[in-house]
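There are 2 protein chains.
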Amino acid sequence: MPKFTPLIESLPSTTPFVGPEALERRSGAAIKARIGANESVFGPAPSVIAAMRAHAHQAWMYGDPENHDLKQALAAHLNVPAENIGLGEGIDGLFGYAVRLFVEQGVSVATSLGAYPTFNFHVTGFGGKLVTTPYVQDREDPAALLKLAARENAKIIYFANPDNPMGTVWPASDVQALIDAVPPSTMLMLDEAYTEFAAANTRPALDVTRRNVLRFRTFSKAYGLAGARVGYVIGHADIIKAFDKIRNHFGIVRLSQIAAIAALKDQAWLQHVVEQVRLSRESIYEIAKANGLKPITSAANFVAIDCGRDGAFAKAVVDGLLKHGVFTRMPGVAPLNRCIRVSCGTEDQLDHLAEALPKVLELIHA
Amino acid sequence: MPKFTPLIESLPSTTPFVGPEALERRSGAAIKARIGANESVFGPAPSVIAAMRAHAHQAWMYGDPENHDLKQALAAHLNVPAENIGLGEGIDGLFGYAVRLFVEQGVSVATSLGAYPTFNFHVTGFGGKLVTTPYVQDREDPAALLKLAARENAKIIYFANPDNPMGTVWPASDVQALIDAVPPSTMLMLDEAYTEFAAANTRPALDVTRRNVLRFRTFSKAYGLAGARVGYVIGHADIIKAFDKIRNHFGIVRLSQIAAIAALKDQAWLQHVVEQVRLSRESIYEIAKANGLKPITSAANFVAIDCGRDGAFAKAVVDGLLKHGVFTRMPGVAPLNRCIRVSCGTEDQLDHLAEALPKVLELIHA
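Chains A and B, in that order, give the protein sequences. For the first sequence, position 299 matches number 299 in the working numbering, and the numbering has no gaps at all. Throughout, the working numbering is defined as the position within the second sequence, counted from one, plus 1000.
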């Protein structure tokens, strides 16, 4: 048979995440509370749904490959020139392109041990060598990342603020200090997928004159459009332009472009969702505490709950919850994997969690 | 600044296609007849539009990363096991993945001079070396492709049936002969994006026991869902499984999965579209002949019209038509670029073409 490249041969067959639909198919039990993938259960704005319905008949047309209108809308919203914004098929798609721009076989990339697996998937996928530093007090450690990157001659530093899977966050001043300290030849990839849920003082000012910082944001989280696959990257025009060399130019779905533009317009809905998420986080904190578990204060649309034991224990909790129709996830590596990760849910969904969790814990302890 | 990889540095900044929206922005003139991108102006089925509208509110959920339901529906439709079907973000997205599986720097890939530019974009993007053989009588030349591949030790042969941009087609027996002759270590990538428009006797039987053939199909053309980005690849299970190592697992839009499933169910609409396309091709033939030009008989949803002169002349026709609000395209290289390529349109759109074409030709001749 035709031979795969040596790199492809070397890649593992594991995938970053199993979807809730697959879990349903395997378990045979319907998911009643879909609170595991950090989707926004509060949905896109009604105005966005209306826009999608109104334009569904246009699906025969390719989306504009330049994403012009969406880019202009983002430029106005962010107050940066359109040439500093790149669009992609979700942040996941953009990570693939961004890594490919800088990574070839043997190139080192620095991240935190237990941080976003899909970023790692792309680094490994292009032959990069992942080097990691541990979380400290459940936060990514900017100073350690800088040291690690210097020691390992890393081409990229990955840093998420707020972090996933822990939900922790650094103040803007610390992130700015990281930005200022990154060597000119190293690209800082700043993952801000959850930034809309966090306080404004966690976001350093956008500065598109820097050639070594890329900031990634998305319509998948606060805007409630995970299924539409629209992410964007903000950076120096020379870097943004380079994405054109490799991206799937017609890759963004036309209806998703329309949905994203409508979503940007409806900032009132965004604020509504942010408030719902805040209330939901509080409820998750309460449910955790009522069960003798320790919630970690979150700046995102999910809460990591410290179950106080090891990964096997947390996995038993996640598996037990799934049997009750409650879909959650958990971090992949120690010590983070002492936690389960619960996405913000509707009251009804959190009622399911509150009902199932004590039963699951009781069964594990028995 | 952080250095791009040498491969990225070496890539040109040109993009495969300029979208009609960009042409509108540059020309300032509205497009009245969008018949340049081989989209299906007849649209997706009303049942598909209804399904998209009914599920728009679900956009907050990621699509199933395993594409299970769509894969099952395709498996039933094609009568092949689901493990032999891979989904991707249009055929363009799948080409990116497929090329990446087999091509690294310096690897040769055989195609026809003037064939699908986006395939070439991906080959070059992963460092592959394109080697080409000319079209013969406006058809891709299977025998020459085989010889070329043998001489250049090509890892991949690209072959489209029907062909784009010429619309010509080979009978199934010739394609089967190509399949049978491809060396075991060479992958034949058979692009069947337009197959639904062609006669059944142009499609060799699917045979998923072969490890060196991948067949690419799409919902973008006959199913009228170009903007939804859903393509699929049929092949040996070992090859299909390898896509999981690199694909954007959550890359397909949830609403597009739903649209594709609904589209497959509505085969009556597909037949309606195929008939509309047949009639439209006839109209385009007539318009071409009425203007002293020579249409090339097409098996796809577009017609290449031989303008009888060189590429500069054909370009003047395409540019002239655009000034009249008629968006068409043309092949990129000689001798194919003596043609313009007109996608099948509604009666109204073809009326625009019929009105504009003589004026454009007159102006050029003057």
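Just so you know, even glycine gets a beta-carbon here, dropped at the ideal spot from N, CA and C. Remember, predicted model here, so these are calculated numbers, not experimental data.
Does the beta carbon of A/Asp92 sit closer than 8 Å to a beta carbon anywhere in chain B?
As a working mapping, residue 92 of chain A is identified with position 92 in the first sequence. True, the Cβ-Cβ gap to chain B drops below 8 Å.
Of the choices A/Ile35, A/Thr15 and A/Glu152, whose alpha-carbon is the least far from that of A/Lys221?
Residue mapping note: residue 221 of chain A aligns to position 221 of the first sequence, counting from 1. Nearest option by C-alpha distance: A/Ile35.
Between which two residues does the beta strand (DSSP E) harbouring B/Ser1108 extend?
By 1-based counting over the second sequence, the position of residue 1108 of chain B is 108. Ser1108 to Ser1112 is the extent of the beta strand (DSSP E) around B/Ser1108.
Less than 8 Å between the CB atoms is what I'm expecting for A/Gly227 and B/Val1253, so what's the real figure, rounded?
Against the first sequence, residue 227 of chain A aligns to sequence position 227. Against the second sequence, residue 1253 of chain B aligns to sequence position 253. About 6 Å; that satisfies the 8 Å criterion.
Can you grab the Cα-Cα spacing for the pair A/Ala22 / B/His1068, in whole Å?
For the purposes of this step, residue 22 of chain A is taken as the residue at position 22 of the first sequence. For the purposes of this step, residue 1068 of chain B is taken as the residue at position 68 of the second sequence. Rounded to whole angstroms, A/Ala22 to B/His1068 spans 8 Å at the Cα level.
If the cut-off is 7 Å on Cβ atoms, which residues from the region 43-58 of chain A count as contacting chain B, listed in chain order?
Gly43, Pro44, Ile49, Met52, Arg53, Ala56, His57 and Gln58
Would you say B/Ile1364 lies against chain A (beta-carbon separation less than 8 Å)?
Indexing the second sequence from 1 puts residue 1364 of chain B at position 364. It does not: the Cβ of B/Ile1364 has no partner Cβ on chain A nearer than 8 Å.
Inter-residue spacing [alpha-carbon to alpha-carbon] between B/Leu1363 and A/Ser108
Numbered from its first residue, the second sequence carries residue 1363 of chain B at position 363. Numbered from its first residue, the first sequence carries residue 108 of chain A at position 108. Distance between the alpha carbons of B/Leu1363 and A/Ser108: 59 Å.
Cα-Cα separation, B/Ala1030 to A/Gly114
Against the second sequence, residue 1030 of chain B aligns to sequence position 30. Against the first sequence, residue 114 of chain A aligns to sequence position 114. Roughly 51 Å between the two C-alpha positions.
Quick check: the Cα distance between B/Val1342 and B/Leu1293, rounded to an integer number of angstroms?
Locating residue 1342 of chain B in the second sequence gives position 342, counting from the first residue. Locating residue 1293 of chain B in the second sequence gives position 293, counting from the first residue. Near 13 Å, if we compare the C-alpha coordinates of B/Leu1293 and B/Val1342.
Do you know offhand how far B/Glu966's Cα is from A/Pro65's?
With chain B covering only 1001 through 1366, there is no way to say anything about residue 966 of chain B.
Using a Cβ-Cβ cutoff of less than 7 Å, which residues in the same chain neighbour A/Gly320 once the five nearest sequence positions on both sides are dropped?
The count along the first sequence starts at 1 and reaches residue 320 of chain A at position 320. Result list for A/Gly320: Val360, Leu363 and Ile364, in chain order.
With DSSP collapsed to three states, give me the class of A/Ile252.
Along the first sequence, one-based indexing puts residue 252 of chain A at 252. It is coil, neither helix nor strand.
Tell me which same chain residues have a C-beta within less than 7 Å of the C-beta of B/Gly1063, skipping the five on either side of it?
Along the second sequence, one-based indexing puts residue 1063 of chain B at 63. So the qualifying residues of the chain are Phe1250, Ile1252, Val1253, Arg1254 and Gln1257.
Please list the terminal residues of the continuous alpha helix (DSSP H) segment that includes A/Ala304.
The count along the first sequence starts at 1 and reaches residue 304 of chain A at position 304. Segment Phe302 to Asp306 is the beta strand (DSSP E) holding A/Ala304; no alpha helix (DSSP H) there.
Own chain residues within Cβ distance below 7 Å of B/Ala1314, not counting five before or after
On the second sequence, residue 1314 of chain B is found 314 positions in, with the first residue counted as 1. Hits under 7 Å: Cys1307, Met1330, Asn1337, Arg1338, Cys1339 and Ile1340.
Of the listed residues A/Glu286, A/Asn201 and A/Thr111, nearest to A/Glu347 (C-alpha basis):
Within the first sequence, numbered from 1, the residue matching residue 347 of chain A stands at position 347. It is A/Glu286.
Using CA coordinates, which residue listed in A/Lys323, A/Asp310 and A/Thr168 is at the minimum distance from A/Pro295?
Working through the first sequence from its first residue, we reach residue 295 of chain A at position 295. Closest by alpha carbon: A/Thr168.
CB contact below 8 Å: A/Pro165 versus chain B
Translated into the one-based positions of the first sequence, residue 165 of chain A becomes position 165. With 8 Å as the cut-off, A/Pro165 does not count as an interface residue toward chain B.
Which value, in whole angstroms, describes the spacing of the CA atoms of B/Leu1350 and B/Phe1042?
Numbered from 1 along the second sequence, position 350 holds the residue referred to as residue 1350 of chain B. Numbered from 1 along the second sequence, position 42 holds the residue referred to as residue 1042 of chain B. Whole-angstrom Cα-Cα distance: 13 Å.
Start-to-end residues for the beta strand (DSSP E) that takes in A/Leu130:
For this step, residue 130 of chain A is matched to residue 130 along the first sequence. Element bounds for A/Leu130: Lys129 to Thr133.
List the endpoints of the continuous beta strand (DSSP E) containing B/Thr1218.
Taking the second sequence and counting its residues from 1, one reaches residue 1218 of chain B at position 218. From DSSP, the beta strand (DSSP E) with B/Thr1218 extends over Val1213 to Thr1218.
Hey, quick one: how far does the alpha helix (DSSP H) through B/Ser1173 stretch, first residue to last?
Numbered from its first residue, the second sequence carries residue 1173 of chain B at position 173. Unbroken alpha helix (DSSP H) run through B/Ser1173: Ala1172 to Ala1181.
So is B/Met1187 in contact with chain A if we call contact Cβ pairs under 8 Å?
Counting from one through the second sequence, the residue named residue 1187 of chain B turns up at place 187. Yes, its Cβ sits closer than 8 Å to a Cβ of chain A.
Could you check whether the Cβ of A/Glu83 sits closer than 8 Å to any Cβ belonging to chain B?
Within the first sequence, residue 83 of chain A is the residue found at index 83, counting from 1. It does not; no Cβ of chain B falls within 8 Å.
Could you have a look at A/Phe372 and say whether DSSP puts it in helix, strand or coil?
Within the shown structure, residues of chain A are numbered from 1 to 366, placing residue 372 of chain A beyond reach of any answer.
Alpha-carbon to alpha-carbon, A/Gly106 and A/Val303:
Stepping through the first sequence from its first residue, residue 303 of chain A is reached at position 303. Stepping through the first sequence from its first residue, residue 106 of chain A is reached at position 106. In a straight line, the C-alpha of A/Val303 is about 35 Å away from that of A/Gly106.
Against A/Thr15, what residues of chain B qualify as contacts under a CB-to-CB distance less than 8 Å, listed in chain order?
Against the first sequence, residue 15 of chain A aligns to sequence position 15. In chain order: Pro1065, Asp1244 and His1249.
Chain A contacts from the region 1107-1140 of chain B (Cβ-Cβ distance under 7 Å):
Gly1125
For A/Arg34, the three-state DSSP class (helix, strand or coil):
Numbered from 1 along the first sequence, position 34 holds the residue referred to as residue 34 of chain A. Reduced to three states, the DSSP call for A/Arg34 is strand.
Can you tell me which of the three DSSP states B/Met1373 falls into?
This structure leaves residue 1373 of chain B out entirely; chain B is present only between 1001 and 1366.
Taking DSSP as the reference, what is the three-state secondary structure of A/Asp141?
Translated into the one-based positions of the first sequence, residue 141 of chain A becomes position 141. In the structure shown, A/Asp141 sits in coil (DSSP, three-state: anything other than H, G, I, E or B).
Rounded to whole angstroms, how far is the Cβ of A/Ser112 from the Cβ of A/Asp141, which I believe are closer than 8 Å?
In the first sequence, counting from the first residue as 1, residue 112 of chain A sits at position 112. In the first sequence, counting from the first residue as 1, residue 141 of chain A sits at position 141. Between A/Asp141 and A/Ser112 the Cβ distance is about 7 Å, and since that is below 8 Å, they are a contact.
Pick out the complete beta strand (DSSP E) segments inside the region 1186-1244 of chain B, 3 residues or longer, and give them in chain order.
1187-1191, 1213-1218 and 1231-1234
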